[in-house]
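Trainee: Using UniProt numbering, you'd call the opening residue of the sequence shown number 1 and step up by one each time. Built from N, CA and C at the ideal position, the CB exists for glycine as well. A quick note: this is a predicted structure, and the numbers were derived from the prediction, not measured. Dropping the structure in here first, questions after.
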Amino acid sequence: MANPKVFFDVSANGEPLGKIVMELRKDVVPKTAENFRALCTGEKGYGFQGSSFHRGTGGKSIYGEKFADENFQLKHTGPGILSMANAGPNTNGSQFFLCTATTGWLDGKHVVFGKVVEGLDVVKNVEKYGSDSGKTSKKIVIVASGEC
1 MANPKVFFDV SANGEPLGKI VMELRKDVVP KTAENFRALC TGEKGYGFQG
51 SSFHRGTGGK SIYGEKFADE NFQLKHTGPG ILSMANAGPN TNGSQFFLCT
101 ATTGWLDGKH VVFGKVVEGL DVVKNVEKYG SDSGKTSKKI VIVASGEC
């Protein structure tokens, strides 16, 4: 069975930036991939649609408040890698990050569960509005999300 693909339509201050399509590695990290897929579709009554890109405290997973690190087989090998943000071991929820460079120091600490397959240019565009504090210079919003 093929790995699922999901998407984000992203805007900056209400202006469309484009679509980011991500392949989720259900074959390696099925629980983590399913959490992200369901948050993209909103099928559990909550999800990413309408959320802003920021550095924050995050929300809940589809499994409850937090869930355990599934494994660390996949690595932070370069731009477009999709990984879980956390507050330490076994504290995964809904927060994630998209890498814009190789981030090998995160291997063994954050679960990689996918990669951007279309729209890496959109990710790079979003990066332009970022800062060291995590606050963006424009309001970056996931205006739509779902499964491809």
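Within a Cβ cutoff of 8 Å, which residues of the same chain sit near asparagine 90, ignoring the five residues on either side of it in sequence?
Mentor: Lys66, Phe67, Ala68 and Asp69.
Trainee: Can methionine 22 and valine 116 be called in contact, C-beta distance under 7 Å?
Mentor: Going by C-beta atoms, methionine 22 is nearer than 7 Å to valine 116.
Trainee: So which of Arg25, His54, Ser61 and Ser11 has the shortest CA-CA distance to asparagine 35?
Mentor: Taking only the C-alpha atoms, the option nearest asparagine 35 is Ser61.
Trainee: So the candidates are Ile81, Gly45, Met1 and Leu17; which of them puts its Cα closest to the Cα of threonine 103?
Mentor: Among Ile81, Gly45, Met1 and Leu17, the Cα nearest to that of threonine 103 belongs to Ile81.
Trainee: What are the residues that DSSP puts in a beta bridge with lysine 115?
Mentor: BP columns for lysine 115 point to Glu23 and Ile81.
Trainee: Does the region 137-146 come within contact of the region 9-20, defined as at least 3 CB pairs closer than 8 Å?
Mentor: At 8 Å Cβ cutoff, the stretches touch.
Trainee: Where DSSP assigns a beta bridge to proline 16, which residues make up the other side?
Mentor: Answer by DSSP bridge pairing, in chain order: Ser11.
Trainee: Alpha carbon to alpha carbon, what distance is there between alanine 144 and valine 126?
Mentor: Rounded to whole angstroms, valine 126 to alanine 144 spans 16 Å at the Cα level.
Trainee: Note down, in chain order, each residue of its chain lying with its Cβ closer than 8 Å to the Cβ of alanine 101, except the 5 sequence neighbours on either side.
Mentor: These residues qualify, in order along the chain: Gly78 and Pro79.
Trainee: What residue range does the alpha helix (DSSP H) around alanine 38 cover?
Mentor: Start and end: 30-41.
Trainee: Taking histidine 110 as the reference, give the member of Gly119, Ser94, Gln49 and Leu39 with the closest Cα.
Mentor: Looking at the Cα atoms, Ser94 is the closest of the given residues.
Trainee: Do you know offhand how far cysteine 40's Cα is from lysine 26's?
Mentor: C-alpha separation (whole angstroms): 15 Å.
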